[in-house]
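**Q**
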Amino acid sequence: TAVLGVISLAIAMGTPPFSGPFCRADCYQYPYLEAVARWPRDYYWMFPAMLFMLMYMVWTAGLHESAAPARKHFSRLGLLFATMAGLILFSDYFIQVSVIQPALLNSETAGIALWTQFNPHGLFIALEEIGYLLMSVSFLFMGLTFSGIRKGEKALRWIFLTGFILTILALVVFSVLYGIHREYRFEVAVITIDWLAVIIGGSVAVKFKP
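Quick look at the structure:
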């Protein structure tokens, strides 16, 4: 899980934005039909990201199974939110590579602007925000699962809880600063926070085997 997270994050961070607030030159405008030229370069990161979502659900299931009986009510909720997050995000990425890009290549452009990843306030960004917010909620419950008595459990507890707190703070800050015009600013922040939490948490879990 941690390895897939590192690969996905590295490729995503190395993909330059061609629309929205972080675009600096040659920016795509509505209806973003120029995006057809970005296949497959701007979609590479989605393939390991889809595997990452599947592995995150599996990893969370493993943490649930290893949880102390008295705390399984927390881990069960964590697994529930992790499953919702994983399925939403997997579907979001799968739609981009299996529906949106083939449609652009075949000049089937009706409705594409609403779904393409290049729309900074489109459905792709909205689903990512929902998915990663749900993932952060899973962090909250998985953090409460661990008592913090053993070294590895204590580290996981604070990694998960910190990930949740930072996500909520980011949502509040970007919502206050930009309101409904935050576009993908929060999405970039929450992806970075959540993926780093899973990468670091996965590394700790392997080392200490809670």
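Numbering (our numbering), first residue to last: 439 to 648.
We put the beta carbon where it would ideally sit given N, CA and C, even for glycine.
What you are looking at is a predicted structure, and each value in this text was computed from that prediction instead of being measured.
1) Look at the alpha carbon of MET495 and the alpha carbon of THR521, and state the distance between them as a whole number of angstroms.
2) Using only the heavy atoms of the ligand MN, determine whether one of them is closer than 8 Å to the beta carbon of ILE597.
3) Tell me the rounded alpha-carbon separation between PHE528 and MET573.
4) Note down the Cα distance separating TYR531 from LEU561, rounded to an integer number of angstroms.
5) Mind checking whether THR583 and SER536 have CB atoms under 9 Å apart?
6) Relative to the C-alpha of ILE638, which candidate in TRP596, ALA463 and SER545 has its C-alpha closest?
7) Is the segment 490–507 in contact with the segment 543–560, if contact means three or more CB pairs nearer than 8 Å?
8) Excluding the five sequence neighbours on either side, which residues of its own chain have a C-beta within less than 6 Å of the C-beta of GLU621, listed in chain order?
9) Where does THR498 sit, in a helix, a strand or coil, going by DSSP?
10) Under the assumption that PHE519 contacts VAL575 (Cβ atoms under 8 Å), give the Cβ distance between them as a whole number of angstroms.
11) Go to ARG514, then tell me how far its alpha helix (DSSP H) extends in each direction, as first and last residue.
12) Distance check for TRP633 and TYR468, CA to CA, integer angstroms please.
13) Cβ of LEU517 within 9 Å of Cβ of HIS502?
14) At what residues does the alpha helix (DSSP H) containing GLU430 begin and finish?
15) Using only CA atoms, which one of ILE449, ARG623 and ALA475 lies nearest to GLU566?
16) Out of curiosity, what's the CA-to-CA distance linking THR630 and ARG479?
17) Given this structure, state the Cα-to-Cα distance separating ILE568 from ARG588, to the nearest angstrom.
18) For LEU607 and SER504, what's the separation of their Cα atoms in angstroms?
**A** According to the structure data:
1) Going from the Cα of MET495 to the Cα of THR521 covers about 6 Å.
2) The ligand MN is not part of this structure, which contains no ligands at all.
3) Distance between the alpha carbons of PHE528 and MET573: 12 Å.
4) Taking the straight line from one Cα to the other gives about 11 Å.
5) The answer is no: Cβ separation not under 9 Å.
6) Answer by Cα proximity: TRP596.
7) These segments do not touch.
8) Hits under 6 Å: GLY458, PRO459, PRO558 and HIS559.
9) THR498: helix per DSSP, three-state reduction.
10) Correct: roughly 5 Å between the Cβ atoms.
11) Looking at the DSSP string, the run of the alpha helix (DSSP H) that includes ARG514 is 510–533.
12) Rounded to the nearest angstrom, the two C-alpha atoms are 30 Å apart.
13) Annotated as proximal: LEU517 and HIS502, with beta-carbon spacing under 9 Å.
14) The chain is shown from 439 up to 648; residue 430 falls before or after that span and cannot be answered.
15) Out of ILE449, ARG623 and ALA475, ARG623 has the C-alpha closest to the C-alpha of GLU566.
16) Rounded to the nearest angstrom, the two C-alpha atoms are 20 Å apart.
17) So the alpha carbons of these two residues sit roughly 33 Å apart.
18) Taking the CA atoms as reference points, LEU607 sits about 30 Å from SER504.
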